[in-house]
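J.: Before I ask anything, here is the structure I am working with.
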Amino acid sequence: MESKEQFEAIRPRYEELRGKVALVTGSSRGIGKGIALRLGREGMKVVITSNVADEVEQTAAEFEQLGVSTLALTADLAEPHAVRQLIDATVTAFGTIDLLVNNAADLRRKHIFDVDEVLLDEQLAINVKAPYLAAQYAADVMRERGTQGSIIHISSVGGLRAHWRALPYDMTKGAIDGMTRAMANELAPFGIRVNAIGPGAIDTGWLRRAGEAAAAALVERIPLLRAGTPQDIASTVAFLASDDASYITGQVIYVDGGITMQLSPKNAPL
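When we follow the numbering used here, the leftmost residue of the sequence shown carries the number -18, and every step to the right adds one.
Dropping the structure here:
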């Protein structure tokens, strides 16, 4: 489904989000793009960013054609100064920031003996340090402007339970979960809420590439018997950013079709 069809299929629910500013990292494709599309449909001004300039410009152009007020920024989040520049550019363009969604991540997973220091350092930089700094800088803007803002980290079911060949990715997502609770506690007095979403198996195109047999085998292990979509995650982001979630902070919400609640799949009982 093209962006226009996806956009038109979304039913806006949260009028209070209209006109507010959202920065979504890693939003030129995949889950991040789905999140940005939903927020744009809610009437938010959206910052599109990733480290691939062509993708950023293409996605921003698509959104502009849909009537979404968009800012396109290319940034390598492995560089701490780039995180600061993202926040500064957002404030310069839109005057503030109301919602930060830390979605960008290095998704590589290897066996412990195959993880070298280079991969470890890269994932710590992108998956932990960058979200931390982005949240710190965004929260400072919210505090200065008295904004009842929201920060949402995109974690993973791997932050709670381990994948096979999980490192260092699952470790970094566990850090995100701990970061969510600690930040929520310290930012609550300023009216800034911090939550996380732990996606399960979300189809961003890989299910089709996996082939029919492999896709069927994976889906069979999910209690709801389907893979998730970027819009499943985007809907949860929109809810957490809305006034309906005004009493929710410090939580990790799993959007996973039931994967984390089951002891074992029905076709492989313990």
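Where a beta carbon is used, it is the ideal one built from N, C-alpha and C, also for glycine. Keep in mind it's a predicted model, so treat the numbers as computed, not measured.
Let me check one thing: in DSSP terms, what residues is Leu80 bridge-paired to?
T.: Note: Leu80 sits in a beta bridge opposite Ala3 and Ser131.
J.: If you draw a straight line from the alpha carbon of Leu141 to that of Leu81, how long is it in whole angstroms?
T.: Leu141 and Leu81: Cα-Cα distance of roughly 23 Å.
J.: Distance check for Ala156 and Leu148, CA to CA, integer angstroms please.
T.: Those two C-alpha atoms are separated by around 13 Å.
J.: How far does the alpha helix (DSSP H) with Leu199 in it extend, from its first residue to its last?
T.: Taken as a continuous stretch (DSSP letters only), the alpha helix (DSSP H) holding Leu199 covers Glu193 to Glu201.
J.: Give, in chain order, every unbroken run of the alpha helix (DSSP H) that is at least 4 residues long and sits entirely within the segment 207 to 248.
T.: Entirely contained in the segment 207 to 248, the alpha helix (DSSP H) runs reaching 4 residues are, in chain order, 211 to 222.
J.: Taking the beta strand (DSSP E) that Ser31 belongs to, which residues open and close that run?
T.: Lys26 to Ser31 is the span of the beta strand (DSSP E), which, as asked, contains Ser31.
J.: Compare the beta carbon distance of Ile234 and Ala208 with 8 Å and say whether it is the shorter of the two.
T.: Contact flag unset, no.
J.: When you compare the segment 35 to 45 with the segment 8 to 15, are there three or more beta-carbon pairs, one atom per stretch, that lie closer than 8 Å?
T.: The segment 35 to 45, when compared against the segment 8 to 15, does touch it at the 8 Å Cβ threshold.
J.: When the cut-off is 8 Å and only beta carbons count, does Gly172 lie next to chain D?
T.: Included in the structure is just one protein chain, with no chain D present.
J.: Where Ala222 and Phe94 are concerned, what is the direct C-alpha to C-alpha distance, given to the nearest angstrom?
T.: So the two alpha carbons sit approximately 40 Å from each other.
J.: Taking the straight line between their C-alpha atoms, what separation do you get for Glu201 and Gly139?
T.: Taking the straight line from one Cα to the other gives about 19 Å.
J.: State the DSSP-derived secondary structure class of Ile(-9), mapped to helix, strand or coil.
T.: If DSSP states are grouped into helix, strand and coil, Ile(-9) belongs with coil.
J.: Whole angstroms are fine: how far does the CA of Ala198 sit from the CA of Lys245?
T.: First, the residue type needs correcting, since residue 245 is Ser and not Lys in the sequence shown. Those two C-alpha atoms are separated by around 14 Å.
J.: Kindly give me the distance between the Cβ atoms of Leu47 and Gly13, rounded to whole angstroms, as I take these residues to be in contact under 8 Å.
T.: 16 Å between Cβ atoms; not a contact.
J.: Count the other CB atoms within 10 Å of the CB of Glu23; is the residue buried (16 or more) or exposed (fewer)?
T.: That one is buried.
J.: Between the alpha carbons of Gly0 and Glu60, how many angstroms are there, rounded?
T.: Rounded to whole angstroms, Gly0 to Glu60 spans 30 Å at the Cα level.
J.: Using only alpha-carbon positions, find the residue among Val175, Arg65 and Thr51 that is nearest to Asp57.
T.: That would be Arg65, whose Cα lies nearest to the Cα of Asp57.
J.: Which same chain residues end up closer than 6 Å to Ile133 when comparing Cβ atoms and leaving out the 5 residues on each side of it in sequence?
T.: Contacts found: Val82, Asn176, Val218 and Leu221.
J.: Taking contact to mean at least 3 C-beta pairs separated by less than 8 Å, is the segment 110 to 125 in contact with the segment 224 to 244?
T.: With the cut-off at 8 Å, the segment 110 to 125 and the segment 224 to 244 do not touch.
J.: Please determine, among Thr230, Ile107, Thr71 and Gly159, the residue with the shortest C-alpha to C-alpha distance to Ser50.
T.: Nearest of Thr230, Ile107, Thr71 and Gly159 to Ser50, Cα basis: Thr71.
J.: Beta carbon of Asn32, beta carbon of Thr55: below 8 Å?
T.: Yes, these two residues count as a Cβ contact at 8 Å.
J.: Taking Cβ to Cβ, would you say Ile68 is nearer than 8 Å to Ala111?
T.: Going by C-beta atoms, Ile68 is not nearer than 8 Å to Ala111.
J.: With C-beta atoms as the reference, is Ile214 less than 8 Å away from Gly238?
T.: Taking 8 Å as the Cβ cut-off, Ile214 and Gly238 do not qualify as a contacting pair.
J.: So Gly172 and Gln129 are in contact, right, with Cβ under 8 Å, and what is the actual spacing, rounded?
T.: About 4 Å; that satisfies the 8 Å criterion.
J.: Report the partner residues of Thr51 according to the DSSP bridge assignment.
T.: In DSSP, Thr51 forms a bridge with Val27.
J.: For Gly21, which three-state DSSP category applies?
T.: Helix, per DSSP.
J.: Are the beta-carbon atoms of Val236 and Pro180 separated by less than 8 Å?
T.: Closer than 8 Å, so yes.
J.: Going by other Cβ atoms of all chains shown within 10 Å of its Cβ, with 16 needed for buried, is Gly15 buried or exposed?
T.: So Gly15 ends up on the buried side.
J.: Buried or exposed: which applies to Ala3, given that a residue is buried once 16 or more other Cβ atoms fall within 10 Å of its Cβ?
T.: When all chains shown are included, Ala3 counts as buried.
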